[in-house]
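Below is one structure, written out as structure tokens, with a few remarks after it.
Protein chains: 6
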Amino acid sequence: MLLRIDRLQTELPPPSEPDPEGAAGVQELLGGKFGEMSSWLNYTFQSFNFRSRQGARPFYDLLCSIGTEEFGHVELVSATINTMLTDPAEAGGGRAPDSALASLKGVGNPHHILAGGRSALPQNSQGRPWNGDYVFSSGDLVEDLTHNFFLETGARNNKLKVYEMVEHPAARALTGYLLVRGGVHQVAYARALERLTGADMMDLFPSPRIPTNKIPECRPHLERKEHLKLYRFSDEAFQEVRAIFNGPHPETGEELVVAEVPHPVGAPAHDLPPQQDVFTPNYAPEEIAEIAQMLRKKAGLPDEPTGEVSDESQSLFSSLLRKVRA
Amino acid sequence: MLLRIDRLQTELPPPSEPDPEGAAGVQELLGGKFGEMSSWLNYTFQSFNFRSRQGARPFYDLLCSIGTEEFGHVELVSATINTMLTDPAEAGGGRAPDSALASLKGVGNPHHILAGGRSALPQNSQGRPWNGDYVFSSGDLVEDLTHNFFLETGARNNKLKVYEMVEHPAARALTGYLLVRGGVHQVAYARALERLTGADMMDLFPSPRIPTNKIPECRPHLERKEHLKLYRFSDEAFQEVRAIFNGPHPETGEELVVAEVPHPVGAPAHDLPPQQDVFTPNYAPEEIAEIAQMLRKKAGLPDEPTGEVSDESQSLFSSLLRKVRA
Amino acid sequence: MLLRIDRLQTELPPPSEPDPEGAAGVQELLGGKFGEMSSWLNYTFQSFNFRSRQGARPFYDLLCSIGTEEFGHVELVSATINTMLTDPAEAGGGRAPDSALASLKGVGNPHHILAGGRSALPQNSQGRPWNGDYVFSSGDLVEDLTHNFFLETGARNNKLKVYEMVEHPAARALTGYLLVRGGVHQVAYARALERLTGADMMDLFPSPRIPTNKIPECRPHLERKEHLKLYRFSDEAFQEVRAIFNGPHPETGEELVVAEVPHPVGAPAHDLPPQQDVFTPNYAPEEIAEIAQMLRKKAGLPDEPTGEVSDESQSLFSSLLRKVRA
Amino acid sequence: MLLRIDRLQTELPPPSEPDPEGAAGVQELLGGKFGEMSSWLNYTFQSFNFRSRQGARPFYDLLCSIGTEEFGHVELVSATINTMLTDPAEAGGGRAPDSALASLKGVGNPHHILAGGRSALPQNSQGRPWNGDYVFSSGDLVEDLTHNFFLETGARNNKLKVYEMVEHPAARALTGYLLVRGGVHQVAYARALERLTGADMMDLFPSPRIPTNKIPECRPHLERKEHLKLYRFSDEAFQEVRAIFNGPHPETGEELVVAEVPHPVGAPAHDLPPQQDVFTPNYAPEEIAEIAQMLRKKAGLPDEPTGEVSDESQSLFSSLLRKVRA
Amino acid sequence: MLLRIDRLQTELPPPSEPDPEGAAGVQELLGGKFGEMSSWLNYTFQSFNFRSRQGARPFYDLLCSIGTEEFGHVELVSATINTMLTDPAEAGGGRAPDSALASLKGVGNPHHILAGGRSALPQNSQGRPWNGDYVFSSGDLVEDLTHNFFLETGARNNKLKVYEMVEHPAARALTGYLLVRGGVHQVAYARALERLTGADMMDLFPSPRIPTNKIPECRPHLERKEHLKLYRFSDEAFQEVRAIFNGPHPETGEELVVAEVPHPVGAPAHDLPPQQDVFTPNYAPEEIAEIAQMLRKKAGLPDEPTGEVSDESQSLFSSLLRKVRA
Amino acid sequence: MLLRIDRLQTELPPPSEPDPEGAAGVQELLGGKFGEMSSWLNYTFQSFNFRSRQGARPFYDLLCSIGTEEFGHVELVSATINTMLTDPAEAGGGRAPDSALASLKGVGNPHHILAGGRSALPQNSQGRPWNGDYVFSSGDLVEDLTHNFFLETGARNNKLKVYEMVEHPAARALTGYLLVRGGVHQVAYARALERLTGADMMDLFPSPRIPTNKIPECRPHLERKEHLKLYRFSDEAFQEVRAIFNGPHPETGEELVVAEVPHPVGAPAHDLPPQQDVFTPNYAPEEIAEIAQMLRKKAGLPDEPTGEVSDESQSLFSSLLRKVRA
């Protein structure tokens, strides 16, 4: 089972200029064949289906650790898309239906508006839904690892191209981070294959040949050595990944390490504002806020919400709250 | 982001007589339109896409808590299917390819063998893959909650029918548990709708009209009051669910409560044995065990694997280990 | 727009021995590429999209007439499947959940039980859903008619094979009727093509070479000359079909006619009994009956339901009603 | 079985400026998960599969009445899309193939041109085909009604958003009408649930919170009290809907009524002109007109086509006819 | 089995101005329901499944001959799309990732970039993958031929519309050629049906009514009498097509002939240049060239590559080679 | 473009006892994600999309050679399925429709009968159609080769399991052959990757760990050294494969070679007999034979069909022919 921590794995910029066409492209990293839902569910199903766990513990622990990190990537891509679809000018509520969406006709993925209310969906860049055929779980360990190495390779290809296609700051922050972390997973699966079979896959790196150190949005993560670290994403379990994830990084020669903490500190998410043209969270969001406040009071909860959001969002909310109360 | 705990939410029986036809049916609870992947990903995407989190915090916290529990259900259904597909007679390895799979020709879901190596896949009972069209995330809170109430209703329908159709002890342990826990989620969404709108949905229960107290496999969970408890599935976050999840249970009148612990204690999984006829984890699983042991040693890990599996599995492994060493 | 008449186009036998495997096969005639949903929606969409209706009125009227008849075929195939899935032994209600469905594990289409509650679904014989790609509507009249002639040819192929595969009396009554009526539509489209282009398609009949006069279940319909008649399926509209549908039948040389009445008399449906193992219409169907009776009374409706069902069903219901009242 | 009336349920404006991007968006209301094909086929399949019709007659009659109305909605959405795709400048014929479609490259749904010949298809706003997985028919009456209430809620969401996105007069006339009629169906299913279980769903309205009385295109229908009326869509059957559809409207408190006439009067459709760039109905539409005229004559039909189209279309056709004859 | 000849069936122009929106449209001719993959795989599967080959040899030979030609059409459409996606300005390599793809955001099929690296994919004009449901293979010869005649009719419709929509010289060269060759196949299947049944389908031509002689890009092929010739596409087999493919062409009355040579001479393909923004064939294409050169040397191959490409490409390559060597 | 040779790549046994359940399983090797259609179309599309062919000629030649061989595998799997579906008892014709297919109700893939007329279809073992999402063609050479190595690995897994599951002699002959030939392709792609990057993949073999030399049906092919040979499948082209395909076989150390002949000699196919219960090739196959004979005569073809089939089939046909003539 899982526990959820209400923080993103890395920081994203707040909403600025909406970019619905860019958001449609970023969906490939969410629900595409090589998107994060695929990584997440491939490794997670392989872990569910893993036989002889005690006999092959380090490999099981590796699949669990990486798989759990991938959930955070899905969350991060979704937050990016939502940021790109947010129109600060629509943050109010209560207006009668008009032509507010006319400028979005024929632009981007129509389901972002019609189905999602300006938000992310489990679809690819063509608007086709993610599906279970994207999961490979043969149970044969060498095959599964070969698949995973290939999957990470294809995923890096997609991340690079989205980087080149979409200039929105949220998309760039996202792809910069994912290129670094995806690189770690690719190395980890190659290392697992090498340990298991004796093959030497060092020279396959980097594949595709992405010079991450020339990408400005990758650099801060490289500087924090995020390209060398595997997190276990469990308070106690999955200690045995270090039997696999060690030795030199194939590109830089630096030593690979298992992080001492179970997960990166991360950052709180922005609390994205209501969007009146798509009725989210409602025609009259301030009414929901009032009801919530009343329910919270009745339940003995403190006046200010207990959840954590970005500082910026928090001050915006506090001023809204003051207005509602006034 | 998430942390993973390497335990199942409830105990399952160990493999016994394989039931591939039953396993094919249980897939509906995994990858069907109303299966656990759907619950999981619906609530999780709704939480990703939730706008005005501070303004509607209790509702956000509810979606996160329930969504995270659903992951554990996906894990549990997968473990059930894997148990039902395990043939204890195939637990060895190293035999030359023969007709060992002939008795499975035309029986159950062929992908359980050909794609999955006797294991679970993100498909429904017809072998069709789960897909992202099963996710509804409009961003309009009342609509999303209406959907979720309906989804839980349909899910209970499926659980009941699988209960009636599949007698394998693992399937029965599973459906007994899920009927109780799914009931909690159905109540929670009805309560959220009532709180938000003023509607009175008490008389819609139970829907479908399942007398859980007459189902032997539900009873132990009812006795432990699992039908009244919501877990937050987070160490710290999602405290505000108690602003919604309270008042009388619509069927029994007992008081609903938010559990003090973040998650149920659960139980360690069985370590399912290798299956030579499908080459999982390999043609020669004991070789993998040897390699793993060598890697573990090199990494300074203790002699016995550090991961937790059921006691029964652990003793089976220890005796295997002794044999390998001898 | 449409009006609905609550009668089937032809009589079907009542439920007898259930035949879930046969029912799964009959689904091809409902939701397969050449099933009745395809005929219905192809001709109906072509009629929606028909340009220059006044200029090509007889052709428009033909599409509308045949398309509307096809709805009745969809209804008829669904009734057949429901009949074949009905288990008279499950007609009661109120029993606690048990293993009543165990005998259906691994038998037929699992969605007939899990999704449909022993009833028909828009799927083919493999359990795959009907989809809009099966509709061809190019707007070019010659092409659309060529398609329709081909579609009817493929549909007859499927009907013949289902006839040979499924011996259940309801399936045989169905395929006997459909082979005759489908033959009329095939002739009608050939005639339309001939009228429009000057081609001579007489020698293409019969295609496939089915000797309907040797099929016992076709004969009564042939004797009533149903192979020669086109119905308009409208009280007033579509009078101009007779500009196309005339001349000799390509197989028998008899004269084709447009029926004077708008539709066949048909027969009332059987009122299929509740099925307790799948909770349809509920755990306790007699409670629904009581509620309905109370609502009917309040609305000033007569004591006995006003709707028409088969005589056999009506007497079964009346005796049930007497029991409920007692 | 069905009879077809060759009129639309409400009047639409004639073709004006083409809007292919808008037409692509309107497809969501036709072939989307919450489009009219879904409403139509959900209620219709539920009626096919309804067990114990005499025991629960008012509920059966409700499904049949609403389901049959939905067909008219499918027809109406299709007519809207066809209107929006019609280019009056292409109404001739006989020109050699040139670059007439170049301005449509990359614009809207390419299948509107390549597959449909400037017309509607069973697809959603992303160009994905409608499919049978959108149909829910469990046979459990409470569940089916819960589903239907949810489906209508989601459908209103989509209609509202299409209203806001697409300003073409045909799209606005359509959504104005559908918002009013869909509202009736949503109320009807809530009422049915309330009658059957005792729940009180009044406060769930309106959901989504659409102020229809502020939408100019809804107002004429509200003034004719179309938001209060249920039609039976059958000459004789389905009389018992009035046992359910009564009491106050949840938003206005006005009394709900079952219409005395079986269906609205409606309006004749526009006879959309040929489009030479997509060869509909042919390269040389006037030749088809000649052939039709000759066939009509031979069959003893009157000189002028007997079918009804809008007055405007009729005069256009008459002048065309005069030209052909001249 | 097959042998491959490394030439295209007809000449295409080299890359010029990229046209990604046009390329997205041309995909319909590749992976659409009526695209060349469909023709290819329909006739090829029908040939695999052909029973009684000796008894019906001329018909078998016809399917094999046409099916094998269709592969060349698939190749040709792919080459066209690739040509249209090639940006001569991106022909270098080695640049650090930047925003080079920004101008393609929201333009055309996103998979052309993200999945295909500026190249063709088995998808239609909406980006939906070709699928096996597009194959009809009933085994009943009359039905299969009826299908094939219809398929060719629909395919010509699509080719014509793509001609009108896409003005890029490669697209025009393609559609001009395919309209002529597809016409031959349509005639061939009609002739086969006539021979087998006695029907007279001459008057169905042309369908759709395309005046190919008025299309400039068709004319050179008409002048070379390509509309009259069937190739066997086998060195020795399929001699018996001439028992079917003979008699007058339905439009021109000229005599149909089986070509004396097994296949058209065709033309070598252009060797499309690397595209640095999508990393094809790599970040640093000249490194691959060096490795290839080294491997070739070691294997005793001549200095210049032995494969045939267009003269234009060959000189471009030679100058590149000189630079690499310098 | 392609030429077709009307022979299979290896010999298959003639029809014997039908095995429809086995045939349904073998479909995975045809239309599954790792089936032969996937191998064929992956390599073929990669070859279509290959940029810088002269610069990377040996790699282009490799993709073309292997891709073209895969077509023959698709043909071989189809022939196997058709053999397994053939019922010698149904080889006649002309019987009135009866219950001849009743024994196939609920057995195997229903489309084998209803759609295919006892023959192969582009579907997987679950009856789901092959689709274009199974094709990976990134244009980045290292990635494409990594994919292909993985694809061959997964394909071998499936072949092995089908071997173990299906004992029918045709299935065994097939899988024995494919395991050997697929092994060659897997080695070839590994070698290409090694040549291109310097990685050492020798120790990844065999993967999965299949001891082909212990499989009786592999042995004859191993003895003929088929595991060491690459064919070019072109009379003249693709000579440069030998720059890659050389060096020791990773399992046996024997030297890899490029065959001197372009393709294996192969064997003529069996001419599978008509099947009257599915109307293939018709209700009255002898009538088709007569028509064909008449057409052949008219065209001046020799009395005996010119095509090659197995000796066994040829004598069966000759005796049939004599009967027809008598």
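Residue numbers (the working numbering), protein chains in the order written: chain F, 2 to 327; chain U, 2 to 327; chain L, 2 to 327; chain E, 2 to 327; chain D, 2 to 327; chain C, 2 to 327.
Just so you know, even glycine gets a beta-carbon here, dropped at the ideal spot from N, CA and C.
Only a predicted model underlies this, so the values are computations on that prediction, with no experimental measurement involved.
Taking only the alpha-carbon atoms, compute the straight-line gap between residue i and residue j and give it to the nearest angstrom.
| i | j | result |
| --- | --- | --- |
| L31 of chain C | L161 of chain D | 34 Å |
| I114 of chain C | N159 of chain L | 9 Å |
| K230 of chain U | V258 of chain U | 5 Å |
| F151 of chain D | H148 of chain L | 6 Å |
| D236 of chain L | S17 of chain L | 36 Å |
| H1 of chain E | G23 of chain L | A question about residue 1 of chain E goes unanswered here, because the residues of chain E that appear run from 2 up to 327. |
| S120 of chain L | L302 of chain U | 58 Å |
| T281 of chain U | H222 of chain C | 27 Å |
| A270 of chain L | R220 of chain L | 22 Å |
Within its chain, find whatever has a CB closer than 8 Å to the CB of residue i; leave out the 5 residues flanking it on each side and keep chain order.
| i | result |
| --- | --- |
| L175 of chain C | L13, V27, L30, L77, V78, T81 |
| A200 of chain L | L194 |
Cutting at 6 Å between CB atoms, please list the residues of its own chain near residue i, excluding the five before and the five after it.
| i | result |
| --- | --- |
| G62 of chain D | Here residue 62 of chain D turns out to be Asp, not Gly, going by the sequence shown. These residues qualify, in order along the chain: F239, E241, V242. |
| L146 of chain F | Y190, A193, L194 |
| S138 of chain C | F46, Q47, N50 |
| M203 of chain L | P251 |
| L64 of chain F | Y44, Q47, S48 |
Look up residue i in the DSSP assignment and say whether it is helix, strand or coil.
| i | result |
| --- | --- |
| K230 of chain U | strand |
| T84 of chain C | helix |
| A121 of chain U | coil |
| V136 of chain L | coil |
| R52 of chain F | coil |
For residue i, which residues of its own chain have a beta-carbon under 7 Å away from its beta-carbon, when the five flanking residues on both sides are left out?
| i | result |
| --- | --- |
| E37 of chain F | L30, L31, E71, H74, V75, V78 |
| R54 of chain D | Y61 |
| G68 of chain D | W41, Y44, T45, S48 |
| G267 of chain E | R8, L9, Q10, T11 |
At which residue ranges does the segment 142 to 214 of chain U contain complete alpha helix (DSSP H) runs of 4 or more residues, listed in the order of the chain? Segments of the alpha helix (DSSP H) lying fully in the segment 142 to 214 of chain U: 142 to 166, 170 to 198.
Please specify which runs of the alpha helix (DSSP H), each continuous and at least 4 residues long, are wholly inside the segment 279 to 316 of chain C, giving them in chain order. Contiguous alpha helix (DSSP H) elements confined to the segment 279 to 316 of chain C occur at 286 to 299, taking only those with 4 or more residues.
Got a sec: which bits of the segment 277 to 311 of chain U sit with their beta carbon under 7 Å from any beta carbon on chain E, in order along the chain? Contact residues of the segment 277 to 311 of chain U toward chain E are absent (C-beta to C-beta distance below 7 Å).
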